[in-house]
Each structure stands twice: as C-alpha cells, then as structure tokens.
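2 protein chains.
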Amino acid sequence: MPGEFDLIDRIRARAGRRPDVVLGIGDDAAVLRVPPGHDLVVTSDTLVAGVHFPAETSAADLGWKALAVNLSDLAAMAATPAWCTLALTLPDADAGFVDAFLDGFLELADELGVSLVGGDTTGGPLSITVTAHGLVPAGEALRRDGARAGDEVWVTGTLGDAAGALAQWRAGGPFSAKLRYRLDRPTPRVAAGQALRGLATAGIDLSDGLAADLGHVLRASGVGARIDLGRLPTSRTLADHFDEARRWPLQLSGGDDYELCFTAPASAAFAIEQALAACGVSATVVGQVQAGAGLAFMTPEGEDYAPAQAGFQHFQGVH
Amino acid sequence: MPGEFDLIDRIRARAGRRPDVVLGIGDDAAVLRVPPGHDLVVTSDTLVAGVHFPAETSAADLGWKALAVNLSDLAAMAATPAWCTLALTLPDADAGFVDAFLDGFLELADELGVSLVGGDTTGGPLSITVTAHGLVPAGEALRRDGARAGDEVWVTGTLGDAAGALAQWRAGGPFSAKLRYRLDRPTPRVAAGQALRGLATAGIDLSDGLAADLGHVLRASGVGARIDLGRLPTSRTLADHFDEARRWPLQLSGGDDYELCFTAPASAAFAIEQALAACGVSATVVGQVQAGAGLAFMTPEGEDYAPAQAGFQHFQGVH
Numbered sequence: 001m002p003g004e005f006d007l008i009d010r011i012r013a014r015a016g017r018r019p020d021v022v023l024g025i026g027d028d029a030a031v032l033r034v035p036p037g038h039d040l041v042v043t044s045d046t047l048v049a050g051v052h053f054p055a056e057t058s059a060a061d062l063g064w065k066a067l068a069v070n071l072s073d074l075a076a077m078a079a080t081p082a083w084c085t086l087a088l089t090l091p092d093a094d095a096g097f098v099d100a101f102l103d104g105f106l107e108l109a110d111e112l113g114v115s116l117v118g119g120d121t122t123g124g125p126l127s128i129t130v131t132a133h134g135l136v137p138a139g140e141a142l143r144r145d146g147a148r149a150g151d152e153v154w155v156t157g158t159l160g161d162a163a164g165a166l167a168q169w170r171a172g173g174p175f176s177a178k179l180r181y182r183l184d185r186p187t188p189r190v191a192a193g194q195a196l197r198g199l200a201t202a203g204i205d206l207s208d209g210l211a212a213d214l215g216h217v218l219r220a221s222g223v224g225a226r227i228d229l230g231r232l233p234t235s236r237t238l239a240d241h242f243d244e245a246r247r248w249p250l251q252l253s254g255g256d257d258y259e260l261c262f263t264a265p266a267s268a269a270f271a272i273e274q275a276l277a278a279c280g281v282s283a284t285v286v287g288q289v290q291a292g293a294g295l296a297f298m299t300p301e302g303e304d305y306a307p308a309q310a311g312f313q314h315f316q317g318v319h
Numbered sequence: 001m002p003g004e005f006d007l008i009d010r011i012r013a014r015a016g017r018r019p020d021v022v023l024g025i026g027d028d029a030a031v032l033r034v035p036p037g038h039d040l041v042v043t044s045d046t047l048v049a050g051v052h053f054p055a056e057t058s059a060a061d062l063g064w065k066a067l068a069v070n071l072s073d074l075a076a077m078a079a080t081p082a083w084c085t086l087a088l089t090l091p092d093a094d095a096g097f098v099d100a101f102l103d104g105f106l107e108l109a110d111e112l113g114v115s116l117v118g119g120d121t122t123g124g125p126l127s128i129t130v131t132a133h134g135l136v137p138a139g140e141a142l143r144r145d146g147a148r149a150g151d152e153v154w155v156t157g158t159l160g161d162a163a164g165a166l167a168q169w170r171a172g173g174p175f176s177a178k179l180r181y182r183l184d185r186p187t188p189r190v191a192a193g194q195a196l197r198g199l200a201t202a203g204i205d206l207s208d209g210l211a212a213d214l215g216h217v218l219r220a221s222g223v224g225a226r227i228d229l230g231r232l233p234t235s236r237t238l239a240d241h242f243d244e245a246r247r248w249p250l251q252l253s254g255g256d257d258y259e260l261c262f263t264a265p266a267s268a269a270f271a272i273e274q275a276l277a278a279c280g281v282s283a284t285v286v287g288q289v290q291a292g293a294g295l296a297f298m299t300p301e302g303e304d305y306a307p308a309q310a311g312f313q314h315f316q317g318v319h
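So the protein sequences, as listed, match chains A and B.
Numbering-wise (full-length UniProt numbering), the first sequence opens with residue 1 and increments by one.
Numbering-wise (full-length UniProt numbering), the second sequence opens with residue 1 and increments by one.
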C-alpha cells in the first residue's frame with residue numbers, strides 16, 4: 001500500500017504544466033504568474049461522498065465532477081481557467097482509486113488547459129476539495145449584482161437532466177444513461193462564460209437549481225423576475241422520462257445542471273446568440289427581470305406556480 | 001438549526017477585506033488583484049478530525065491551526081500572505097461551532113492581514129481545507145532545490161514541543177499546558193520567511209518533522225547533510241518533561257512544529273541573525289549540507305543516531 005508521498009508522486013507525474021506555472025507540485029506551495037492587466041478569480045468547492053454524489057459513483061466521474069463544479073464557478077465569472085489545487089481525503093491510500101480519479105480529473109483539466117499545481121492527500125472519509133484559479137481582464141468579471149429591471153433572463157443548454165438522473169436513482173430505476181451522464185460528467189460552460197464578457201449584466205452557474213441560483217442574482221441586484229415555465233429548455237430525454245408536472249421541480253429546484261444563468265438587455269440578444277453559437281452553446285430566454293423583489297414562475301396557461309423546495313441544501317444529502 | 005446559506009452569511013459578516021480584494025465572499029468566486037511584478041504563491045492543506053488533531057480539540061484552536069498550517073507553507077516560500085479560502089465540512093450546521101472556529105481562524109487572519117475571500121460549507125465528517133494565497137516579488141520565492149554543499153542548516157524557534165504534547169496526550173498525561181499550546185496554536189513564521197529573501201538558499205516548513213522535511217530539501221537539491229543533535233534548539237519545558245533519549249525522536253520525527261528549516265552559506269550567518277532578530281525570531285545552526293546524498297544525525301558524543309521513524313504519515317492518524 002503506497003503512503004502519502006507515493007500518492008503525491010503519482011499525481012505530480014501526471015499533472016500538466018502551463019508556461020505561467022513557475023513552480024508546480026513538489027514544493028511547499030506553487031508559484032504562479034498572473035499576466036499584467038488581469039484579475040485573479042478564485043473559487044473552492046467540496047464534494048463529500050454520500051452528500052454530493054452517490055457512493056457508487058466511479059472514481060473517474062468523481063475526478064471529472066470535482067473539477068467541473070469549480071470551473072463552472074469560474075465560467076459564471078467570465079474567467080478563463082488557469083490553475084487548480086486538489087485536496088483529496090481518502091479512507092485508505094488506494095493507488096488504483098487515485099489513478100482512476102486522475103483519469104477523469106485530468107481529462108477535463110487538459111481539455112480546458114488547466115494545470116494542477118498543488119494540494120494535499122490525507123486519510124479520512126472520502127471528500128474532495130478543489131480550488132480553481134482563473135484570469136479575467138481587470139474589471140471584466142461577471143458578477144451577480146448587475147441585473148437591471150427589463151433585462152432578459154437567459155439559461156444555457158437544457159435544465160433538469162442531472163436532477164432527473166438523481167430522481168431515477170432515488171426511485172431505484174429505470175435509468176437513462178443520457179441523464180446519468182449529465183449528472184456524472186457536467187460540462188462547465190467555460191467558453192460561453194468568456195463570450196458573455198461585456199454582453200451580460202449578471203451571471204451565476206446553476207448548481208442548486210434555477211429558483212435558488214437566480215434568487216441569489218436577484219437579491220444581489222435588488223430586483224425581481226418572472227420566469228415562463230413553457231420556455232424552460234428541456235432535453236428530449238428528460239421530456240421522454242418525465243411529464244411537465246414532474247419535470248418542473250427538477251428543472252427549478254433539482255440542481256447539478258452546471259449551466260449558466262445570466263441577464264442582459266434585450267438589445268444584446270442578437271450579439272449573445274452569435275457569441276454563444278460560436279462556442280457551440282445554445283441559450284434560451286426564459287423570463288424577464290422586474291423592478292421590486294421576488295421571483296415568480298408562470299405556467300404556459302398563465303397560472304402562478306410555486307416550486308416545491310427552494311434549492312438543493314448541502315446538509316440534506318443524496319442518500 | 002441554520003442551513004448552509006446562513007452559515008455562509010455568518011462567515012461573510014466577519015471576514016475582513018483588503019483593498020486588493022475586488023470581490024469577496026458572496027459571488028460565484030472571489031476576484032483578487034495581484035500587484036505588478038509579483039508572483040502568486042498558492043498552497044492547500046486539509047485537517048481531518050481524528051487524523052490531524054485529537055477529536056476534542058476546541059473549535060477556536062482548530063480554526064487557528066487550519067489557517068496556520070497553510071500560512072506556514074507560504075512562510076517557507078518567503079511569501080507575504082494575502083488571501084485564503086475556507087472549505088468547511090461539518091457533521092451538522094452548528095452555528096456555535098462555526099462562530100468559535102472563526103474566532104480562532106480570524107484572530108490569526110487579522111493578525112497577519114489575510115482576507116478570507118471565499119470557500120464552501122458542506123455536510124459530512126468534520127474536515128477543513130484551507131487554500132492560502134501569498135505574494136512574492138517575481139522570482140524571489142524560496143524553494144526547496146537551492147541547497148548547496150557547505151551551506152549551514154538552520155531552524156527557527158525550538159523543536160519538539162508539539163510532538164511532546166501529542167506524546168503526553170497519547171500516554172494519558174500528565175499534560176504541560178505550554179506544550180499543548182504549541183500543538184494547538186502553532187505560529188507560522190511569516191515575517192521570518194520574508195526576512196530570508198535573498199539570504200537563504202532553500203527552505204521548508206517543519207510539518208512532518210526535521211528528518212522528513214529536511215530530507216525533502218536535500219533530495220530536491222541533490223545534496224546530503226549532517227545534523228548535530230546537541231545543537232537542536234529545545235524549549236526549557238520540553239527538556240523538563242523529556243530526557244534526551246525521549247526528546248530526539250520527538251524533535252526529529254514528531255512533526256507539527258511549523259518552524260522553518262533553511263539553508264544558507266556561512267557568509268550569510270550574520271545577516272540572517274540580524275534579519276531574524278528584527279522580527280523577534282530566534283534561529284539556530286543545527287548542521288551542515290554535504291556533497292552526496294543522505295541525512296546523518298550525530299549525538300553530542302560523536303556517535304551516529306538513526307531516527308526511529310521517517311516523519312509523520314498522514315494515513316496513520318493521531319488516534
């Protein structure tokens with residue numbers, strides 16, 4: 001059984017290295033060079049076994065997801081991902097698990113040009129904390145507090161697939177592999193986030209569900225919004241497995257979509273569609289920002305709709 | 001019982017904010033401004049209950065130590081601490097624990113001018129991952145790989161106090177409050193690290209014990225060293241509780257000192273003493289770097305001494 005330092009050597013041997021990494025894994029800390037005129041964007045997210053993912057999730061999927069949820073936060077800030085650290089707590093020093101975990105983690109890191117520059121391996125109940133670092137031209141980070149009354153509310157991709165997979169898993173099946181893939185291998189909308197610089201007024205990533213996450217934007221911006229449920233972008237697979245009444249709660253409160261939700265004036269709509277199409281990402285206007293507080297949902301029949309729960313709470317768990 | 005967002009609000013309300021924090025806690029990520037001509041230095045360390053600290057450690061001590069062990073890594077790089085993120089995994093959303101944890105965490109953060117800029121709170125077995133960010137003039141980070149044959153080996157402060165406290169705890173007492181304080185409230189040698197810029201050739205912080213940590217420096221530098229046990233700096237309290245035969249293993253392999261170990265040419269000795277005295281830190285030459293590999297220890301009688309174990313292994317645990 002390898003010990004802590006052997007695990008670090010395994011990780012170090014496989015970590016990529018950008019030219020702006022002055023010193024990577026293997027010293028007391030990493031040394032990184034931020035280019036002039038750029039701000040540093042930093043986020044940390046933890047995944048705990050049995051709370052954020054079913055315990056039987058594969059190590060490779062876990063590696064992918066642990067990085068993806070952090071890069072999704074950088075995407076929501078319109079930042080370009082650059083570096084990350086990995087704090088991996090494992091019940092035992094299992095080299096096979098670490099290798100498989102790195103398969104998924106580094107597949108995504110390599111795809112997006114992110115260098116793993118440091119971290120920690122410790123013994124304990126399975127848990128992963130990734131800290132991701134991105135760069136954005138100074139002053140151009142996309143924040144939550146810029147939404148204005150009259151702006152349109154957009155979301156990228158489709159909503160509810162990951163929550164659909166979790167609902168199927170909780171019910172004991174039958175399972176859709178397509179939905180499960182969206183749960184296990186979320187795609188952080190990194191290129192889309194960067195494309196929204198100068199176009200969107202506010203943005204957030206959808207980790208806890210549209211109702212909760214858009215709520216954060218509205219409170220930070222001091223405005224409200226109305227969402228038309230008939231406009232929620234829905235995958236064919238989700239529609240095949242869940243009718244409207246079962247789908248809306250998944251799409252509003254299910255979480256784990258890792259799509260972007262953003263606001264922009266109607267005058268920017270054409271430019272946004274062009275910019276996102278250029279990165280191969282679809283986006284849909286789902287509602288409008290309004291003066292005053294509150295977030296209202298309306299059915300296609302024009303009736304008010306109240307989401308069953310206000311977003312995923314991490315102290316609740318998936319088991 | 002407050003939920004996740006209430007805990008984040010509690011943390012946000014108390015986090016300090018340096019002028020170079022463009023955007024702190026409360027968005028998808030923090031936005032930070034690195035001054036021109038500086039490198040960014042990043043480290044992540046995890047503390048797990050029962051592995052890195054006795055389960056009955058007070059929340060305030062835990063908060064202090066979770067930050068201290070990370071700032072100690074920055075000190076070893078000669079970096080000036082600037083910002084940190086905190087990923088806190090708790091068995092339940094216990095506001096009293098979080099408040100006490102923040103008492104210790106922010107006491108140290110405020111003392112050293114570090115802003116808490118983000119993080120995550122999740123449910124799960126108690127564990128804390130801190131990522132600390134420091135700044136250093138470009139190219140001036142103190143690395144592990146610069147030690148040269150003929151350099152002197154230095155350590156700051158005294159060694160073995162924390163390991164002495166842990167040995168007393170494992171033996172069921174009697175306890176020394178002074179030793180326990182060194183275990184629970186380690187002082188990261190931040191000012192000393194910065195003072196060593198341009199003077200030391202290599203450096204590391206002593207988290208796993210002198211034998212293991214100096215070993216990392218020697219391997220990275222491609223050299224060996226000889227340490228004189230008679231020169232190990234020892235607190236009066238440790239000497240009162242442990243005779244030499246019981247003390248040396250604590251000082252060489254016990255870990256948790258969070259002092260700095262560094263190498264420097266003899267010609268720099270006077271300047272080093274002056275620079276460290278100016279920050280109120282004592283430092284002692286304990287041996288010499290030699291050509292060739294290997295780390296040898298010699299008793300005051302001139303006999304070879306072999307440390308019982310090669311450093312603290314985090315998969316071993318404290319319970």
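Every residue gets a Cβ at the ideal spot worked out from N, C-alpha and C, and that includes glycine.
With fewer than 16 other Cβ atoms from the protein chains shown falling within 10 Å of its own Cβ, Q274 of chain A counts as exposed. Between the region 93-102 of chain A and the region 17-24 of chain A there are fewer than three C-beta pairs closer than 8 Å, too few to call the two in contact. Taking a Cβ-Cβ threshold of 9 Å, none of the residues of chain B is close to T187 of chain A; the smallest such distance is about 16 Å.
Residue pairing of V48 of chain A in beta bridges, as defined by DSSP: A:S127.
For C84 of chain A and D243 of chain B, the gap between their C-alpha atoms comes out near 45 Å.
Within chain B, no residue has its beta carbon less than 7 Å from that of R14 of chain A; the closest one is some 18 Å off. Residue contact check for S127 of chain A against chain B: a CB pair falls below 7 Å. The alpha carbon of R182 of chain B has as its nearest neighbour, out of B:L166, B:C279, B:A195, the alpha carbon of B:L166.
In summary, G172 of chain A is exposed, with fewer than 16 beta-carbon neighbours lying within 10 Å of its beta-carbon over all protein chains present. In the DSSP annotation of this structure, the continuous segment of the alpha helix (DSSP H) that includes D161 of chain A starts and ends at 161-170.
I25 of chain B places its beta carbon less than 7 Å from that of G118 of chain B. With a threshold of 7 Å between beta carbons, V48 of chain B makes contact with chain A. I204, D205: these are the residues of the region 197-209 of chain A whose beta carbon lies less than 7 Å from some beta carbon of chain B, given in chain order.
DSSP places D28 of chain A in no beta strand (DSSP E); its state is neither H nor E. Of all alpha-carbon atoms in B:S176, B:R226, B:S221, B:G302, the one lying nearest the alpha-carbon of D27 of chain A is that of B:S221. 7 Å or more divides the Cβ of L260 of chain B from the Cβ of T129 of chain B.
Its chain contains W64, L67, A68 as the residues whose beta carbon lies nearer than 7 Å to that of L108 of chain B, once the 5 sequence neighbours on both sides are disregarded; these appear in chain order. Proximity of chain B to T43 of chain A at the Cβ level (cut-off 8 Å) is accounted for by D28, A29, A30, T85, G118, in chain order.
The continuous stretches of alpha helix (DSSP H) do not include A296 of chain A, which lies in the beta strand (DSSP E) extending over residues 295-298. Under DSSP, Y181 of chain A forms no beta bridge with any residue. Between A49 of chain A and S127 of chain A the beta-carbon gap is near 7 Å, inside 8 Å, which marks them as a contact. Following the DSSP letters along the chain, one finds T187 of chain A in no alpha helix (DSSP H), marked with neither H nor E. In this structure, the beta-carbon distance from V286 of chain A to I227 of chain A falls below 7 Å.
Cβ neighbours of Q168 of chain A within its own chain (closer than 6 Å, five residues either side excluded): F175.
Setting aside the 5 residues that flank it on each side, Q251 of chain B is surrounded in the same chain by L159, G160, L232, each with a C-beta closer than 6 Å to its C-beta; the list follows chain order. Within chain B, the residues D27, D28, A29, V31 have their CB atoms less than 8 Å from the CB of M77 of chain A, given in chain order. Under DSSP, F97 of chain B shares a beta bridge with no residue.
Taking 7 Å as the threshold, the shortest C-beta distance from R247 of chain B to chain A does not fall below it. Residue burial annotation: A225 of chain B is buried, with at least 16 other C-beta atoms found within 10 angstroms of its C-beta.
Spanning the alpha carbons of A308 of chain A and L74 of chain B requires a straight line of approximately 47 Å. A Cβ-Cβ distance of about 6 Å is found for the pair A149 of chain B and V289 of chain B, placing them in contact under the 8 Å criterion. Counted as a single uninterrupted DSSP element, the stretch harbouring L229 of chain A is not any alpha helix (DSSP H), since DSSP gives it neither H nor E. In the structure shown, the three-state DSSP call for S72 of chain B is helix.
Between A264 of chain A and D145 of chain A, the C-beta spacing is not below 7 Å. By the Cβ neighbour-count rule, R189 of chain A is buried, with 16 or more other Cβ atoms within 10 Å of its own.
Residue pairing by DSSP leaves I272 of chain B without any beta bridge partner.
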